[in-house]
Amino acid sequence: MVDDDALISLDGVEKVFDVRRRVSLMRREKRQVRAVDGISFAVARGEMVGYIGPNGAGKSTTIKMLTGILNPSGGRLRVAGIDPARERVRLAHRIGVVFGQRTTLWWDLPLKDSYGLMRRMYRVPRARFEENLERCVDRLDLAELLDVPVRQLSLGQRMRGDIAAALLHDPDVLYLDEPTIGLDVVSKAKVRGFLRQLNEERGTTVLLTTHDLQDIEQLCERVMVIDHGRLMYDGALGGLHAAGSAGESERTLVVDLERELAPISVPGARVVKVEGPRQWLAFPAGQSAAPLVSAVAAEYPLVDLSVREPDIEDVIARMYAGRD
Amino acid sequence: MRQRVRLYAAVAAGGFRRYATYGTATAAGVFTNTVFGFIVAFTYAALWDQRPGLGGYDRAQALTFVWVSQSLLAAGAFIGGGFQEEIQERVRTGDIAVDLYRPADLQMWWLAADLGRSAFQLLGRGLVPLVAGALAFQLALPSDPWRWLLFLVSVVLGLVVSFAVRYMLGLLAFWLMDGSGINLMATVVSIFFSGMLLPLTVFPGAFGEFVRVLPWAAMLQVPMDVLLGVHSGAGDAVGALGFQAGWVLVLLGAGRLLQSAATRKVVVQGG
Chain B
1 MVDDDALISL
11 DGVEKVFDVR
21 RRVSLMRREK
31 RQVRAVDGIS
41 FAVARGEMVG
51 YIGPNGAGKS
61 TTIKMLTGIL
71 NPSGGRLRVA
81 GIDPARERVR
91 LAHRIGVVFG
101 QRTTLWWDLP
111 LKDSYGLMRR
121 MYRVPRARFE
131 ENLERCVDRL
141 DLAELLDVPV
151 RQLSLGQRMR
161 GDIAAALLHD
171 PDVLYLDEPT
181 IGLDVVSKAK
191 VRGFLRQLNE
201 ERGTTVLLTT
211 HDLQDIEQLC
221 ERVMVIDHGR
231 LMYDGALGGL
241 HAAGSAGESE
251 RTLVVDLERE
261 LAPISVPGAR
271 VVKVEGPRQW
281 LAFPAGQSAA
291 PLVSAVAAEY
301 PLVDLSVREP
311 DIEDVIARMY
321 AGRD
Chain S
1001 MRQRVRLYAA
1011 VAAGGFRRYA
1021 TYGTATAAGV
1031 FTNTVFGFIV
1041 AFTYAALWDQ
1051 RPGLGGYDRA
1061 QALTFVWVSQ
1071 SLLAAGAFIG
1081 GGFQEEIQER
1091 VRTGDIAVDL
1101 YRPADLQMWW
1111 LAADLGRSAF
1121 QLLGRGLVPL
1131 VAGALAFQLA
1141 LPSDPWRWLL
1151 FLVSVVLGLV
1161 VSFAVRYMLG
1171 LLAFWLMDGS
1181 GINLMATVVS
1191 IFFSGMLLPL
1201 TVFPGAFGEF
1211 VRVLPWAAML
1221 QVPMDVLLGV
1231 HSGAGDAVGA
1241 LGFQAGWVLV
1251 LLGAGRLLQS
1261 AATRKVVVQG
1271 G
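Chains as they are written, first to last, in this note's numbering: chain B, 1 to 324; chain S, 1001 to 1271.
Structure follows, in structure tokens:
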């Protein structure tokens, strides 16, 4: 599948790392790790796509190949018509990148100094730069932070600062690698709101990796799931839940009892965890929780309860198990 | 081209301001350099009283060597404290990825930032010890502004040579993952072979000839000789600067080769 109309297209892309391990004093063993194992997809201009999967699934490796800092071991990869590894610098002017756990900002200097540097690095005309900066400052609430050294910013403030830094040169594509990691609820909401607006108003294509299903739910219509370097799912978010349920997706009923008890017995559910007076009961996702709740309340000293939906790791884990 | 120059000038200015934010560290450094200056100055004074004319310097020249060396110590990062540890740390944590996707040249970026740092430390850490030394001892500082200008050019070339060496040491992190051993060795080597411990002109015979053509000589010994007027003729001075410029080209070139090898083998930490 090669789709050159797409802004991002991957066709059978692979990345294999050689890992050398010392097995004894004299002997070393060379082992190959297939971080990305034949991935194909295309993202059209203006799409906002979630790219999710468990730790070590190959998400960041994919993003690094899409920025040109890692060379694919095989397959074909194009971003805005450019082969990233061959023309890394030309590509850099077309893309914006935010690595949630790293910063592009100059640690010891006021935030605005980093932006001045971005202007020169990306050769943004001054009027354009002022306009873009003003918009970012306004929407990301940065006005009071511009003169603050980056090392003094909170994680949420720094992240907003980093997102602004990635957008000053009007990139066609924005890669976000866990942009809400470690943020509190308010900061997450701010970041998401800004990204949605960016995509709607400016048509910026966004590829987002995250562990937070809410990021995806609120931002992306399309989601891709990767595990062990392979694409497991590519489609609508709703379909992901269905795909997960094809295995045996389960919801969890968390009950707080008056005191510690042996694992309770309720028909249609099984206890999966006990911690003091709290117990976790798993039951099929398709089944109503109501009969369970009344059964527990009738037989045991119930204080409080809540129902948990299967989270993203769960759904993916089930999907993966389902395909094996 | 002009835009590139402006970018790296902005990077250098950032490097300058960045170190300027640490006032306490600078004050502590000035104090240390001054105390060190006195210790080494008394040692040299005793040595040159016993052996007048050692290394071709008289007593005042030897003491000038001491105090100007102390003034250049931080700027040239002779005992570390530059960006070398920082680049190693960025490689270790994977933060180097951020540096790599930018549309800027890694080596030029770090060179500009490091020259900005050097400029700050030349002023912030260099002036006070030199004034203290000049007040306490009789130094042989030239009065000819032309000589000072040549000295300044020579210092800048020396700083670039120092950068070029440290850049390569920093990049070794791509292969070593822990640079502390290398850094310790690099410090010992740079203190001795630059002439920081004893002027290289002191060493006789083939060994002396050898240490005076190494890159470390271009970092300190050559600028000092330019300042002290050892290269009295115009041709001599040009030769000295040419020697430094030669090392600049060779070492920056070698750094580029190492850089492309390093970026090819980028082992990025974390999936």
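By construction, the Cβ of each residue, glycine as well, lies at the ideal position given by its N, Cα and C atoms.
Residue i - containing beta strand (DSSP E), residue span
| i | result |
| --- | --- |
| threonine 252 of chain B | 250-257 |
| glutamate 275 of chain B | 270-275 |
| isoleucine 326 of chain B | Here chain B covers residues 1 to 324 and nothing more, so residue 326 of chain B does not appear. |
| glycine 58 of chain B | Taken as a continuous stretch (DSSP letters only), glycine 58 of chain B belongs to no beta strand (DSSP E), as it is neither H nor E. |
| aspartate 177 of chain B | 173-177 |
| methionine 232 of chain B | 230-236 |
| phenylalanine 1083 of chain S | Note, phenylalanine 1083 of chain S: premise wrong, no beta strand (DSSP E); not H, not E. |
| valine 98 of chain B | 95-99 |
Secondary structure of residue i, DSSP reduced to three states
| i | result |
| --- | --- |
| glutamine 1138 of chain S | coil |
| isoleucine 264 of chain B | coil |
| lysine 1265 of chain S | coil |
| alanine 42 of chain B | strand |
| proline 1052 of chain S | coil |
| phenylalanine 1210 of chain S | helix |
| serine 306 of chain B | strand |
| methionine 1 of chain B | For methionine 1 of chain B, the predicted structure reports a pLDDT of 48, less than 50, and the residue's modelled location is therefore unreliable. A value from the coordinates is still provided. Methionine 1 of chain B: coil per DSSP, three-state reduction. |
| alanine 35 of chain B | strand |
| glycine 1270 of chain S | In this prediction, glycine 1270 of chain S has a pLDDT of 40, which is less than 50 and means its spatial position is unreliable; nothing more can be read from the coordinates. |
| aspartate 324 of chain B | Only weak support is given to the placement of aspartate 324 of chain B: the predicted model assigns it a pLDDT of 46, under 50, and the question is left unresolved by the model. |
| proline 291 of chain B | helix |
| glutamate 221 of chain B | coil |
| tyrosine 1101 of chain S | coil |
| tyrosine 300 of chain B | coil |
| alanine 1077 of chain S | coil |
| leucine 1197 of chain S | coil |
| isoleucine 205 of chain B | Before going on, a small fix: residue 205 of chain B reads as threonine here, not isoleucine. Strand at threonine 205 of chain B. |
| methionine 1168 of chain S | helix |
| leucine 105 of chain B | coil |
Alpha helix (DSSP H) segment containing residue i, residue limits
| i | result |
| --- | --- |
| arginine 160 of chain B | 155-165 |
| valine 23 of chain B | Counting along the chain, valine 23 of chain B falls outside any alpha helix (DSSP H), and DSSP gives it neither H nor E. |
| arginine 86 of chain B | Premise fails: arginine 86 of chain B is in no alpha helix (DSSP H) and is neither H nor E. |
| arginine 120 of chain B | 111-121 |
| glutamine 152 of chain B | Premise fails: glutamine 152 of chain B is in no alpha helix (DSSP H) and is neither H nor E. |
Residue nearest to residue i in terms of C-alpha spacing, selected from the options
| i | options | result |
| --- | --- | --- |
| glycine 1205 of chain S | S/Gly1055, S/Val1035, S/Gly1094 | S/Gly1055 |
| aspartate 147 of chain B | B/Gly53, B/Arg135, B/Asp108 | B/Asp108 |
| glycine 1076 of chain S | S/Ala1097, S/Thr1263, S/Gly1116, S/Val1202 | S/Gly1116 |
| aspartate 177 of chain B | B/Asp227, B/Phe99, B/Thr103 | B/Phe99 |
| glutamine 218 of chain B | B/Asp170, B/Met48, B/Glu309, B/Val293 | B/Met48 |
| leucine 1157 of chain S | S/Leu1249, S/Ala1020, S/Met1196 | S/Leu1249 |
| leucine 1063 of chain S | S/Gly1239, S/Leu1100, S/Ala1234, S/Ala1140 | S/Ala1140 |
| phenylalanine 970 of chain S | S/Leu1227, S/Met1224, S/Gly1195 | Because chain S spans 1001 through 1271 in this model, residue 970 of chain S falls outside it and cannot be assessed. |
| phenylalanine 1243 of chain S | S/Val1161, S/Asp1099, S/Leu1127, S/Phe1193 | S/Val1161 |
heavy atom of the ligand MG below 6 Å from residue i C-beta
| i | result |
| --- | --- |
| leucine 1152 of chain S | The ligand MG is not part of the structure shown, which contains no ligands of any sort. |
Closer than 7 Å to chain S by CB, residue i
| i | result |
| --- | --- |
| serine 306 of chain B | no |
| valine 325 of chain B | The question about residue 325 of chain B has no answer here: the residues shown for chain B are numbered 1 through 324. |
| leucine 117 of chain B | yes |
| methionine 121 of chain B | yes |
| tryptophan 106 of chain B | yes |
| valine 89 of chain B | yes |
| alanine 85 of chain B | no |
| arginine 102 of chain B | yes |
| valine 97 of chain B | yes |
| leucine 153 of chain B | no |
Cutoff 7 Å: residue i Cβ touching any chain B Cβ
| i | result |
| --- | --- |
| arginine 1006 of chain S | yes |
| glycine 1271 of chain S | Summary for glycine 1271 of chain S: the model assigns pLDDT 37, below 50, so the residue's position carries little reliability; its value from the coordinates is reported in the next sentence. Chain B contact via Cβ: present. |
| aspartate 1236 of chain S | no |
| alanine 1262 of chain S | no |
| aspartate 1225 of chain S | no |
| threonine 1021 of chain S | yes |
| arginine 1212 of chain S | no |
| glycine 1014 of chain S | yes |
| glutamine 1259 of chain S | no |
| alanine 1027 of chain S | no |
If the cut-off is 8 Å on Cβ atoms, which residues from the region 214-236 of chain B count as contacting chain S, listed in chain order? none
Output, in sequence order along the chain, the residues in the region 1072-1092 of chain S whose CB is closer than 8 Å to any CB in chain A. Given the protein chain composition of this structure (B and S), no chain A is represented.
At a Cβ cut of 9 Å, what residues of the region 177-203 of chain B count as close to chain S, listed as they run along the chain? none
Taking beta-carbon pairs under 8 Å, can you tell me which members of the region 1049-1062 of chain S lie near chain B? none
Looking at chain B, which residues of the region 1098-1131 of chain S have a Cβ within less than 7 Å of any of its Cβ atoms? Val1098, Leu1100, Tyr1101, Arg1102, Pro1103, Ala1104
Residues from the region 155-173 of chain B in contact with chain S, defined by Cβ distance under 7 Å: none
Below 8 Å between beta carbons is the criterion; list the residues of the region 48-73 of chain B that meet it against any residue of chain S, in chain order. Asn55, Gly56, Ala57, Gly58, Lys59, Ser60, Thr61, Lys64, Thr67, Gly68, Ile69, Leu70, Asn71
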